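Reading through the C-alpha cells given below for one structure.
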Amino acid sequence: MADGSGPSVAARDDLAGVVDLFGWLTRTELSRALSELAFKQRAEVDEDAIDAAIDLAVAEYALVPAPADALSGGDAGDLADAETEHAEESTALAVGPAAFSTLPEGAEDLPHILDVPDRGVDREALADAVLDRLREEAIEAIGEGDDDRLETLADVTYDVEAWAPVDVDPVRTRILAEVDE
Numbered sequence: 001m002a003d004g005s006g007p008s009v010a011a012r013d014d015l016a017g018v019v020d021l022f023g024w025l026t027r028t029e030l031s032r033a034l035s036e037l038a039f040k041q042r043a044e045v046d047e048d049a050i051d052a053a054i055d056l057a058v059a060e061y062a063l064v065p066a067p068a069d070a071l072s073g074g075d076a077g078d079l080a081d082a083e084t085e086h087a088e089e090s091t092a093l094a095v096g097p098a099a100f101s102t103l104p105e106g107a108e109d110l111p112h113i114l115d116v117p118d119r120g121v122d123r124e125a126l127a128d129a130v131l132d133r134l135r136e137e138a139i140e141a142i143g144e145g146d147d148d149r150l151e152t153l154a155d156v157t158y159d160v161e162a163w164a165p166v167d168v169d170p171v172r173t174r175i176l177a178e179v180d181e
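Take 1 as the starting number for the sequence shown in the UniProt record's numbering and just add one per residue.
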C-alpha cells in the first residue's frame, strides 16, 4: 500500500468502517483485513504504514481499545488471557467516538474473506473504558505540559459526549483550564 501518498485504505474512518463490519477486531485481525484490501486493490502492502495508521486512529479515538468485559462473540473470553508479550497484537479494537465510519472499496467482501465469528460490543462498558482512558491521558498530558495533546483531548471530550451517555464535563473543564493558562 505504498504509493508515496500514504495508505489510502488505512484512513482512520476507513479503519473504523472495517472494524464496524465485525463489531470489534484485534489489532492483528485489522492489520490482516487491511492487507486483504490492499491485495484486492492491487496495492503494495506496507505493514509499517498499516501499524502507523492503526496507532493514529487509536491516538485520535477513532478506534479504541475495548476491555474484555465489553466484548461478546468469537474469542472475546480468550483476550483476557492473552500472553503479555502478544498483548498489543491481541488488543481488541472497537469503533470510537471520533470516528465517522466509512467503508473502503472492497471492504464489503471482508466478512467472506476473514474467518471472524459474529461479535458485539457493550457500548456502556466501552464508554466507561474510553472515559477512564481519557482521564488518564489528560492527567499525563497535563503532567507533561503537552498543549497539543490537551487540545486534541478537549476535542475528543465533545465526541465522547455525543457518542455515549457519560459525563465528560469534569475532564473537559480540567483540560480547558490547563490549555487556557
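Virtual Cβ for every residue (Gly too), placed ideally from N, Cα, C.
Predicted model, so just to flag it, every value in this text is computed and none were measured.
Beta carbon of residue i, beta carbon of residue j: below 8 Å?
i, j, result
"A92", "A66", "yes"
"L15", "A62", "yes"
"L71", "R12", "no"
"G73", "R123", "no"
Going by other Cβ atoms of all chains shown within 10 Å of its Cβ, with 16 needed for buried, is residue i buried or exposed?
i, result
"P104", "buried"
"R27", "buried"
"I50", "buried"
"R42", "exposed"
"A162", "exposed"
"A69", "The residue asked about is misnamed: residue 69 is Asp in this sequence, not Ala. D69 is exposed by the Cβ-count criterion."
"G143", "exposed"
"residue 200", "Absent from the structure is residue 200, since the part of the chain shown begins at 1 and ends at 181."
"D46", "buried"
"E29", "buried"
"E44", "exposed"
"D145", "Sequence check: residue 145 is Gly here, not Asp. Under this definition G145 is an exposed residue."
"E137", "buried"
Report, in whole angstroms, the separation of the C-beta atoms of residue i and residue j, which I expect to be a contact under 8 Å.
i, j, result
"S176", "A154", "Here the sequence assigns Leu to residue 176, which means Ser is not the residue at that position. Yes, L176 and A154 are in contact; Cβ-Cβ is about 6 Å, under 8 Å."
"A127", "V156", "13 Å between Cβ atoms; not a contact."
"V179", "D159", "That pair is no contact at about 17 Å."
"S101", "G23", "12 Å between Cβ atoms; not a contact."
Taking the alpha carbon of residue i as the reference point, which residue from the options has its own alpha carbon closest?
i, options, result
"S35", "P165, D55, G143 and L110", "L110"
"L114", "V160, V168, R123 and R32", "R32"
"R172", "H112, D146, E47 and L131", "L131"
"F39", "A107, A138 and R133", "A107"
"A164", "V95, V116 and E181", "V95"
"L134", "H112, E181 and P170", "P170"
"R149", "S90, V19, V168 and A59", "A59"
"L25", "E181, P117 and R174", "P117"
Does any CB atom of chain B fall closer than 8 Å to the CB of residue i?
i, result
"A66", "Absent from the structure is chain B; it holds one protein chain and no more."
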